[in-house]
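*Asks:* So in numbering that gives the first Met the number 0, spot 297 of the sequence shown is number 296, and the numbers just go up one at a time. Next up is a structure, given as structure tokens.
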Amino acid sequence: MTEAAKPAFKKRVFSGIQPSGGLTLGNYLGAIKRFVEMQNEGFETIYCMVDLHAITVWQNPEALRRQTRELAAGYLAAGLDPAKSILFNQSQVSAHAELGWVFNCVARMGWMNRMTQWKDKTSGKDAEKVSLGLFAYPSLMAADILLYHATHVPVGEDQKQHVELTRDIAAKFNHDYGVEFFPITEPVIEGAATRVMSLRDGTKKMSKSDPSDMSRINLTDDADTIAKKIRKAKTDPEPLPEDISGLDDRPEARNLVNIYAALSGMTKEAVLAEYAGQGFGAFKPKLADLAVASLAPISAEMGRLMQDPAEIDRILGEGAERADAIARPIMERTYEIVGMIRSRG
Ligand code: AQP
């Protein structure tokens, strides 16, 4: 199809985070900070708390409710504004599950089998015992995005493959049904730090579901906890090098420099220019001060917002209505394209 004949999709941004635990510094630097920038750059922005995704692994129901509100509080505290962005939780817009099902019938088992996150999450475990939902996770994620005809998806590096799969699903649907209905979405991997690593193992990403709380900084950690986690972060005995290449084969050192750069807005080169030759005994307290100064206002605001869960629910409910108004016509048109009778007489 020529460029001129392609249907134009309006630039629309969608992304989501699972309320599967507390927000980490990785979620903040890899995703939320960029969500806020895109909102403030004037794009139409839709940000979701993907609770249907969270239950692909066991979630205690009370904890899930609290984590969903806490995630909403994190979005708001970091600068997302319900007057500018649509903020809602996924299960309140039923079309996510409906389109997810249609995409389960479009996506191929082989595609899902190749997903590295699936492989990581099942490695060393009995894959027969994980939920079917975990296997189909990327297909529901494609539905989240395409339900809004979103053209741009800000994510951390670990989600790139899932956005690429979303493109494959859109292309296969369009091809199979002979339409140009779903856009081919672009991943936007431009967070302040697109891959923040565990504080205990520089080769593993920082994750909210890591069994070790010492592996991550939570947005709700107090100053003492942040300082302690950074002090105890795994490092090596060498001083910081003069240039980036000196961080090769030093994943833990690279991670801490990366975090410092992302929080301060400095380049990694500038961080090394300031700290080259110094050991971690000197660098870690500076990093801890910076992390506390950056995160304390967010954490305090989250605490304040969590005092009023009814207000959070009201914001999410209003966001769900606005999201539904965009999603429902796209879902109905999808049913029509697929060949389903929708009239009830
Ligand atoms: N360590 C990270 N560095 C940079 N970005 C990250 N993201 C997550 N961890 C890092 C980005 O945050 C967004 C939300 O992710 P998610 O909650 O939907 O799922 P995830 O990627 O699986 O994140 P977690 O924290 O590791 O959750 P669990 O432990 O529940 O699986 C995404 O844009 C992601 O790239």
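Just so you know, even glycine gets a beta-carbon here, dropped at the ideal spot from N, CA and C.
In angstroms with no decimal places, state the Cα-to-Cα distance between residue 27 and residue 152.
*Replies:* Straight-line Cα distance between these residues: approximately 15 Å.
*Asks:* Which residue comes first and which comes last in the alpha helix (DSSP H) that contains residue 302?
*Replies:* Segment 279 to 305, the alpha helix (DSSP H) holding residue 302.
*Asks:* Across the stretch 217 to 227 and the stretch 267 to 279, are there enough close Cβ pairs to call them in contact, namely three or more that are closer than 8 Å?
*Replies:* The stretch 217 to 227 is not in contact with the stretch 267 to 279.
*Asks:* In three-state DSSP terms, what is residue 128?
*Replies:* helix
*Asks:* Report yes if the C-beta distance between residue 325 and residue 85 is below 9 Å; otherwise report no.
*Replies:* Contact annotation: residue 325 and residue 85 have beta-carbon atoms nearer than 9 Å.
*Asks:* Helix, strand or coil for residue 206? Go by DSSP, reduced to three states.
*Replies:* Reduced to three states, the DSSP call for residue 206 is coil.
*Asks:* How is residue 54 classed by DSSP in three states: helix, strand or coil?
*Replies:* Residue 54 carries a coil assignment under DSSP once its states are collapsed to helix, strand and coil.
*Asks:* Identify every run of the alpha helix (DSSP H) within the stretch 199 to 266, keeping only runs that are complete inside it and at least 4 residues long; order them along the chain.
*Replies:* 222 to 231 and 250 to 263
*Asks:* What does the alpha-carbon distance come out to for the pair residue 62 and residue 241?
*Replies:* 46 Å
*Asks:* Can you grab the Cα-Cα spacing for the pair residue 23 / residue 338, in whole Å?
*Replies:* Whole-angstrom Cα-Cα distance: 43 Å.
*Asks:* On the DSSP letters alone, give me the boundaries of the beta strand (DSSP E) that residue 73 sits inside.
*Replies:* Here residue 73 belongs to no beta strand (DSSP E); instead the alpha helix (DSSP H) covers 60 to 77.
*Asks:* I think residue 251 touches residue 201, with their Cβ atoms under 8 Å apart; what is that distance to the nearest whole Å?
*Replies:* 4 Å
*Asks:* Would you call the stretch 6 to 14 and the stretch 129 to 140 touching, i.e. three or more CB-CB distances under 8 Å?
*Replies:* Output reads no: the stretch 129 to 140 does not touch the stretch 6 to 14.
*Asks:* Touching or not, the stretch 47 to 66 and the stretch 183 to 198, by the rule of three or more beta carbon pairs under 8 Å?
*Replies:* Judged by Cβ distances under 8 Å, the stretch 47 to 66 makes no contact with the stretch 183 to 198, as fewer than three pairs qualify.
*Asks:* State the Cα-Cα distance for the pair residue 1 and residue 179, rounded to the nearest angstrom.
*Replies:* Its pLDDT being 48, under 50, residue 1 is placed unreliably by the model, and the measurement read from it follows with that caveat. Rounded to whole angstroms, residue 1 to residue 179 spans 12 Å at the Cα level.
*Asks:* Alpha carbon to alpha carbon, how far is residue 226 from residue 102?
*Replies:* 45 Å
*Asks:* So residue 214 and residue 205 are supposed to be a Cβ contact under 8 Å. How far apart are they, rounded?
*Replies:* 7 Å
*Asks:* So, for residue 66: in the same chain, excluding its five sequence neighbours on each side, which residues have a beta-carbon less than 8 Å away from its beta-carbon?
*Replies:* 18, 19, 20, 21, 53 and 58
*Asks:* Within the present structure, is the beta-carbon of residue 62 separated from the nearest heavy atom of the ligand AQP by less than 8 Å?
*Replies:* no
*Asks:* Could you tell me if residue 60 is buried or exposed, where buried requires 16 or more neighbouring beta carbons within 10 angstroms of its beta carbon?
*Replies:* exposed
*Asks:* Should residue 45 and residue 142 be called a contact, given that it needs their Cβ atoms to be closer than 9 Å?
*Replies:* At the C-beta level, residue 45 and residue 142 stay beyond 9 Å of one another.
*Asks:* Can you name the start and end residues of the alpha helix (DSSP H) that residue 101 belongs to?
*Replies:* Per DSSP, residue 101 belongs to the alpha helix (DSSP H) from 94 to 103.
*Asks:* Here's the rule I'm using: 16 or more other beta-carbon atoms within 10 Å means buried, otherwise exposed. How should residue 280 be labelled?
*Replies:* exposed
*Asks:* Less than 8 Å between the CB of residue 196 and some heavy atom of the ligand AQP, yes or no?
*Replies:* yes
*Asks:* Would you say the beta carbon of residue 52 comes nearer than 8 Å to a heavy atom of the ligand AQP?
*Replies:* Yes; taking the cut-off as 8 Å, the Cβ of residue 52 has a heavy atom of the ligand AQP nearer than that.
*Asks:* Do residue 300 and residue 75 have their beta-carbon atoms positioned less than 9 Å apart in this structure?
*Replies:* yes
*Asks:* Would DSSP call residue 186 helix, strand or coil?
*Replies:* Residue 186: strand per DSSP, three-state reduction.
*Asks:* Confirm, please, whether the CB-CB distance from residue 88 to residue 48 is below 9 Å.
*Replies:* yes
*Asks:* Spatial neighbours of residue 231 within its chain, please: CB distance less than 7 Å, with the 5 preceding and 5 following residues excluded, ordered by chain position.
*Replies:* 213
*Asks:* Does DSSP put residue 311 in a helix, in a strand, or in coil?
*Replies:* helix
*Asks:* Pick from 81, 25 and 100: whose alpha carbon is nearest that of residue 39?
*Replies:* Ranked by Cα distance from residue 39, the options 81, 25 and 100 are led by 81.
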